[in-house]
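First comes the structure, then the notes that go with it.
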Amino acid sequence: MAAARWAAALVTLGVVGLAMGPRACDAQPVVLSNYGQSRLSLKPYDWSYLRVDLPASFSSITMNFATNRDIPREHLRDLPRSDIAIICLMIANPPIPDISDYYLDNLLSNFLAVGSFGDMNNHSNLAQCIPFQKNTTIVLTNDQISPGVWYIGYFNGLGSARTQSKMISRGRARSVSTSITVEGCPTSALWGPYCNQTIEMIACSQFSRYNNSRDLLGQSIDTQRRLSTRENNRRISFLSRSNHPIGDQLDSNSTSLVGVENLITCAISNDSLCLGLGDMKFYFFDIVNLALHVKITAANFGLVQRASLICYLRYNALPQRVLHDYSGDISSAPLVIKLPNIGRWYIAVEILNKTEMNNSTSPMLDTTCFSFDWQVTGCLNGKAGINCSWEAYVLQRVPKRNPSVPFESYYVPTDGRALLEDSHFLLEQFLSNSFYEQFAWTYFLLDVPQGSAGALIHFQLKSDKELNYELYLRYGGLPSNDSWDYYANRTSSSNGSIFFSLQNSTNSDMDLSIFYAKEGTWCFGVKHPNTSNSQTYISVSLQGCHRNCNQKGVCHSSVDESGLTFYSFCTCDRDHGGFDCSDELVSPNGHIRQSVFLIASNAAAILPAFWALRQKAFAEWILYTSSGISSALYHSCDVGTWCILSFHVLQFLDFWLSFMAVIGTFIYMATIKEASKRAMHTVVFILTAILAATGATRSSNISIVVAIGSLGLLIGWILEFSTAQRFVCCSWRINLSVPQRCCIHGFMNIYCYVMSVSSVS
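Here the sequence shown is numbered in our numbering, starting from 685 and rising by one per residue.
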């Protein structure tokens, strides 16, 4: 079953002829998907992700971002990192912003010059970022970015303190609203950013009569095919060969004597493929398994001396003259791509006049015809490498029991030599053998499941002797000395990537991780001496946080805003920060000094408490004393010394009693009756409790508490003033000898005086 699937899908080939001018019909792109998020709130040093899937038929994507931040461009360089809020875009895995000075300078310079993500055509592993702006609209077409899974990252504050747990978050919360529209062409016959190019597709697929193998890499068929087209008449012929190496003659170093190479050829004859000057035609082929190389050749090219047939290749996107991965003049020599990535490759061919390239002129026919073919070569029977001489194994994923984060699992080979119950296996029993070379290669393939791009791949090697192995890792293709994504041995590793880490390696151990690994097929190759007498155990696992946050924090998992991908992150303690809590923000001795001074500083409450006791202000004495004690207990718990109660209870008590102490001092300054003070204290109890319970660490609470205390003092002064103005009207006798008292306050004084004069008269 697996053999049939591999043989039928090693490479799917197609011919796509594009008319480069506008179409006669006025077709418009249609909306493929919409996404809208009214408001995403980010606290200081907070971040979130959004997954966006771009299908192969997409033509453009429009992204609208509206934030509550609008900083003039000329002020961007003056902002501290903690105050920089950015939006990042990256393909295949969630972005981790590079906070190096060099990258941030380039980021700001690029935004100042372009005002957008800049050149999205660069395929570096760094995310493309822009700072928060009030309103930002970005339109990207399929000739700028490739289809696939893209991630948008929202970051409010950068730096090693990004994940630090703080008593008070000093910073401003930011909000961002997002609206995304993905458009595509209405039919498969249209192409281009504006669906104004026509496509003619001729599919070509392979079949196999060898369908009994159950090994994904163990195949036994070599097939060559030829596809001939002319107008609407298509002739497809298949030639099945016996199982032996074909194409170039290979000197195998393997101990296996069976044929291990498979060659697939697809060609178009010269009576059906004709191009004129300035025309360009496109083709594509899909590689769904690891291949050795792709060779593109032109034949029957009659005007070689005056014209060149230029071929452009690009992975997962249409190539252009100025934007491609590979190019060459295939009229003079074949174009060979070694160890191509799994996925869709696009080919573009055009005719160029050699004399025009040399700044001269020469007449040339308007149309030139030629034959054109491409070949894809892969290994069979569980082999890999340039000569199909090395061993290759598929690792199966085994989910862990009671995982701490989703997708947590480990990988073991599928051939039965390793137990599924063991998360590690002996490496030497799988190594390749060679008697002709000093070093050999062994390849292992593993798959990262969909939705787990926020996890990390962890490799660990432990040997009983000095470790002399080298690891080469690559996504979607076989690694080699010249082609790899990450490299490591026990003494050095590939640097310059924030997604790769080699730590705590010794002479006999190696420990490395790939952060936020891309979904899909990964291959790692072990380069080792031809002979080895050591015992090395290797473990490969899919984990959440790197090294469990180095035991300096707590690992958490969450899902992105679309709900399709999980990601893990660390919440570090007060002394550490960074992505994996590996950055020491405070030394142990510094932590002790800070803790002692912080807790001891609460002894300052003794002075007001002693003064209140001497003044016999017992209510204020209790308030100052309990406030100092609760603050000391809270800070003791916050720095990790001792928690007599839960952190949240201690935090509430500390802030509530502190608010009461401030306002109580204001009220005490007003010399009013105790009954009025008790009434004011009751109101203040309720208000400060609400403040402490709903948001104790808000910076605005300082202004609110001072305002409440000032208001209480003002009310006390008003009451005191009205008491000073109070008088008792004299008693008088009238004709009826009826004593009367008139006690008038404040604004009633004049009325009382008039009435008393009237009574006397």
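Think of the CB as a built atom: it goes at the ideal place given N, C-alpha and C, for glycine as much as any other residue. Please read these numbers as outputs of a predicted model, since none were measured by experiment.
Rounded C-alpha distance that separates residue i from residue j
{"i": "R1382", "j": "F968", "result": "58 Å"}
{"i": "A1172", "j": "R1028", "result": "29 Å"}
{"i": "C1321", "j": "R1258", "result": "12 Å"}
{"i": "S1192", "j": "V1280", "result": "42 Å"}
{"i": "H928", "j": "A1068", "result": "Confidence is the limiting factor: at H928 the pLDDT is only 32, short of 50, which leaves the residue's position unreliable, though a coordinate-based value still follows. Each residue's Cα considered, the two are about 15 Å apart."}
{"i": "F1350", "j": "A1376", "result": "19 Å"}
{"i": "T1061", "j": "N973", "result": "11 Å"}
{"i": "T1309", "j": "A1296", "result": "10 Å"}
{"i": "H1212", "j": "S1176", "result": "16 Å"}
{"i": "S1216", "j": "I971", "result": "35 Å"}
{"i": "S1394", "j": "N840", "result": "35 Å"}
{"i": "A1124", "j": "A1076", "result": "12 Å"}
{"i": "Q1134", "j": "F1091", "result": "10 Å"}
{"i": "C1254", "j": "Q1187", "result": "18 Å"}
{"i": "I1306", "j": "A1288", "result": "15 Å"}
{"i": "I1198", "j": "A1380", "result": "39 Å"}
{"i": "Y733", "j": "Y838", "result": "6 Å"}
{"i": "Q1219", "j": "R761", "result": "54 Å"}
{"i": "T746", "j": "L824", "result": "7 Å"}
{"i": "E1304", "j": "F1294", "result": "10 Å"}
{"i": "G1161", "j": "L1064", "result": "15 Å"}
{"i": "T1366", "j": "I1388", "result": "17 Å"}
{"i": "R1158", "j": "S1225", "result": "16 Å"}
{"i": "I1031", "j": "W1058", "result": "10 Å"}
Extent of the continuous beta strand (DSSP E) run through residue i
{"i": "R858", "result": "858 to 868"}
{"i": "Y1077", "result": "1074 to 1083"}
{"i": "A750", "result": "742 to 751"}
{"i": "A1201", "result": "Here A1201 belongs to no beta strand (DSSP E), and DSSP marks it neither H nor E."}
{"i": "P815", "result": "812 to 815"}
{"i": "T825", "result": "819 to 825"}
{"i": "R1028", "result": "1027 to 1037"}
{"i": "S1178", "result": "Unbroken run through S1178: none, as it is neither H nor E."}
{"i": "N718", "result": "714 to 726"}
{"i": "A1172", "result": "1170 to 1172"}
{"i": "G832", "result": "832 to 840"}
{"i": "G635", "result": "Outside the displayed range of the chain (685 to 1445) lies residue 635, so it cannot be described from this structure."}
{"i": "W1326", "result": "W1326 -> no beta strand (DSSP E), and no H or E assigned at all."}
{"i": "T1051", "result": "1051 to 1053"}
Under the three-state DSSP convention, the category residue i falls into
{"i": "T1378", "result": "helix"}
{"i": "E1150", "result": "coil"}
{"i": "Q1059", "result": "strand"}
{"i": "S1342", "result": "helix"}
{"i": "H1365", "result": "helix"}
{"i": "V944", "result": "For V944, the predicted structure reports a pLDDT of 45, less than 50, and the residue's modelled location is therefore unreliable. A value from the coordinates is still provided. In the structure shown, V944 sits in coil (DSSP, three-state: anything other than H, G, I, E or B)."}
{"i": "H1142", "result": "strand"}
{"i": "A1137", "result": "coil"}
{"i": "E1404", "result": "helix"}
{"i": "F1119", "result": "coil"}
{"i": "A1359", "result": "helix"}
{"i": "A983", "result": "strand"}
{"i": "A776", "result": "coil"}
{"i": "L1155", "result": "strand"}
{"i": "F1263", "result": "coil"}
{"i": "T1349", "result": "helix"}
{"i": "C1233", "result": "helix"}
{"i": "E1105", "result": "coil"}
{"i": "Q1227", "result": "strand"}
{"i": "L1371", "result": "helix"}
Residue range of the unbroken alpha helix (DSSP H) whose run includes residue i
{"i": "I1306", "result": "1302 to 1322"}
{"i": "I1283", "result": "1272 to 1284"}
{"i": "G1247", "result": "Counting along the chain, G1247 falls outside any alpha helix (DSSP H), and DSSP gives it neither H nor E."}
{"i": "L1297", "result": "1290 to 1298"}
Supposed close pair residue i, residue j - CB separation, criterion 8 Å
{"i": "P781", "j": "Y1200", "result": "No, P781 and Y1200 are not in contact; Cβ-Cβ is about 12 Å, not under 8 Å."}
{"i": "P831", "j": "F742", "result": "6 Å"}
{"i": "L1151", "j": "T1205", "result": "That pair is no contact at about 26 Å."}
{"i": "L1002", "j": "D827", "result": "6 Å"}
{"i": "S859", "j": "R723", "result": "5 Å"}
Min CB distance residue i to chain D below 7 Å
{"i": "I1306", "result": "You won't find chain D in this structure, because it holds only one protein chain."}
Worksheet item: Taking one C-beta from the region 1334 to 1341 and one from the region 1310 to 1326 each time, how about it: are there three or more such pairs within less than 8 Å?
Response: Pairwise C-beta distances place the region 1334 to 1341 in contact with the region 1310 to 1326, as three or more of them are shorter than 8 Å.
Worksheet item: Do three or more CB pairs link the region 1017 to 1028 to the region 975 to 985 at distances below 8 Å?
Response: Taking 8 Å as the limit for Cβ pairs, the verdict is that the region 975 to 985 does touch the region 1017 to 1028.
Fill in: Cβ contact (3+ pairs, closer than 8 Å) linking the region 1256 to 1274 and the region 751 to 759
The region 1256 to 1274 vs the region 751 to 759: no contact.
Discussion item. Does the contact criterion of 3 or more C-beta pairs under 8 Å hold for the region 1390 to 1404 versus the region 1353 to 1369?
Written reply: Three or more pairs of CB atoms, one per stretch, sit closer than 8 Å, so the region 1390 to 1404 contacts the region 1353 to 1369.
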